[in-house]
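Residue numbers (my numbering), protein chains in the order written: chain R, 646 to 734; chain B, 646 to 734; chain P, 451 to 611; chain X, 451 to 611.
Glycine residues also receive a C-beta, built at the ideal position from the N, C-alpha and C atoms.
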């Protein structure tokens, strides 16, 4: 059995600025089976990640380009995006 | 004392069609001191006038280009217009 | 501040928008409504619509309605253009534009202007059919209700004559 | 039926209106909203606005929002265009058009589209000031409330991550 979950993670707006990259391919541990668990793991990757997720309640997420809640399940190959509340229009 | 009230009376839409003219200058009797009394008098002028005012409740009026109620007073030289409820837009 | 016009010729919505907004940086949103001639009136095909109005009073009524919109909403400009005469199906009839710093006021004012115009400006529509017959359009109860939700009138009230 | 676009270049509202309505005689009204860049953000002069988006998801979100508008209102067509990149004060940001047989649906749908777009499409605004500093615009509670009055979402919901 594969022990890791290959994911593409995208960051937008001030999350991108804090993390320092717009996109990264990660091999998350198998324990990162939902969005909330992935954030737990991402926070440990760098001080920038920790800063980006310092206020988790204001961070929004999309999985495969659909808005997703913290309990949304993740699967190998998913595109997971994190961003602030939207401000278009 | 002048016994008559010189007025310009305008008709629009189906009131114009029934009366047969778009505009007439009339010398109304002094008793036509408000819009309602003027209508009473106009009805006697012709069958067309009577047809135009057959349903007085749906006829709207303006005196000097402002919407006016039946009890609005009339003065010599006034422009009095009669028309159906408006349907622009 | 408002631009009001009654005309037989068509209007150019893009040009009117540009005239309202060009060179300005205080506007955040512009609401707009364009009314057009529908081909069908209650299932019967229209050949045309003829619009009659009351020259003089119509201009005054539109100016009063625009002034009332500017009194009620924080507008940075508005435009009301209404065509008269014979109009073919698909033709433009009326244009309303309202500019404000924020979208709420711009869209509220657009809605207010078209609702009041429909019940307080002296225009009358006649439907002309293919066989040459014609019928004056009756006022719609729904339009009166739509206008009534904006509350008391200041720009002239209709009353039975 | 809806036309949705995300682009850096400006849009031409008159041309978009014509594309939506030309040759049609079933439309009675077109509602429209144009959002523009205001010079001033809370008293401070803006040099520009920069708009970032999520390529791919943004198109899907706009298409879902337009489809939801078509489900809720009897529309005969709608257009949503949103610009991205650096925009100067006075520039166009967003265009919404909604056509229907009657004005009520056209204006309701226009309002619905801009309210949902503001809270459900992945765009982020950054204000750029004359001294070169920049600030990400915070989401407005008023926008969330405006969107909420349309009830439950079908075009994707935001939730804390």
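Legend entry - Spatial distance of residue 658 of chain B from residue 551 of chain X (CA atoms): 25 Å
Legend entry - Near-chain B residues of the segment 552-569 of chain P - C-beta to any C-beta below 8 Å: 564, 567, 568 and 569
Legend entry - Neighbouring residues, chain X, relative to residue 423 of chain P (Cβ below 8 Å): Absent from the structure is residue 423 of chain P, since the part of chain P shown begins at 451 and ends at 611.
Legend entry - Other residues of its chain near residue 663 of chain B: CB distance less than 7 Å, five sequence neighbours each side excluded: 693, 696 and 697
Legend entry - residue 674 of chain R beta carbon less than 8 Å from that of residue 703 of chain R: no
Inset, instruction - Report yes or no: is there a C-beta of chain X within less than 8 Å of the C-beta of residue 540 of chain P? - result: yes
Inset, instruction - Taking only the alpha-carbon atoms, compute the straight-line gap between residue 559 of chain P and residue 650 of chain R and give it to the nearest angstrom. - result: 53 Å
Inset, instruction - Under 7 Å between beta-carbons, which chain X residues line up against residue 659 of chain R? List them in chain order, please. - result: 586
Legend entry - Beta-carbon neighbours of residue 651 of chain B, restricted to chain P and to distances below 7 Å: The premise fails here: residue 651 of chain B is roughly 19 Å from chain P at the closest Cβ pair, so nothing lies under 7 Å.
Inset, instruction - Alpha carbon to alpha carbon, how far is residue 540 of chain P from residue 525 of chain P? Give it in angstroms, no decimals. - result: 30 Å
Inset, instruction - Kindly provide the ranges of any alpha helix (DSSP H) runs that are 4 or more residues long and lie completely inside the segment 550-588 of chain P, ordered along the chain. - result: 553-570
Inset, instruction - Assign residue 583 of chain P to buried or exposed, taking buried as 16 or more other Cβ atoms, counted over all protein chains shown, within 10 Å of its Cβ. - result: exposed
Legend entry - Whole alpha helix (DSSP H) elements within the segment 666-728 of chain R, 4-residue minimum: 680-688 and 692-697
Legend entry - Members of the segment 475-508 of chain P that neighbour chain X once the beta carbon cut-off is set at 8 Å: 475, 476, 477, 478, 479, 480, 481, 482, 483, 484, 485, 486, 487, 488, 489 and 490
Inset, instruction - Answer yes or no: does any C-beta atom of chain B fall closer than 8 Å to that of residue 573 of chain P? - result: yes
Inset, instruction - Give the interface partners of residue 589 of chain P over in chain B, defined as CB-CB distance under 8 Å, in chain order. - result: 729, 730, 731 and 732
Legend entry - C-beta atoms of residue 562 of chain X and residue 521 of chain X nearer than 8 Å: no
Inset, instruction - Closer than 8 Å, Cβ to Cβ, to anything on chain P: give me those residues from the segment 694-719 of chain B, in chain order. - result: 701, 702, 703, 704, 705, 706, 707, 710, 711, 712, 713, 714 and 715
Legend entry - DSSP-derived helix/strand/coil call for residue 480 of chain P: strand
Inset, instruction - Quick one: using the 10 Å Cβ neighbour count with 16 as the cut-off for buried, is residue 486 of chain X buried or exposed? - result: buried
Legend entry - Residue-chain proximity (residue 594 of chain X, chain P), Cβ-Cβ < 8 Å: no
Legend entry - residue 544 of chain X at chain R interface by Cβ criterion, 8 Å: yes
Legend entry - Proximity test, Cβ basis, 8 Å: residue 510 of chain P and chain B: yes
Inset, instruction - Compare the C-beta of residue 673 of chain R against all C-beta atoms of chain X and say whether one is closer than 8 Å. - result: no
Inset, instruction - Return the CA-CA distance between residue 574 of chain X and residue 678 of chain R, expressed in angstroms with no decimal places. - result: 28 Å
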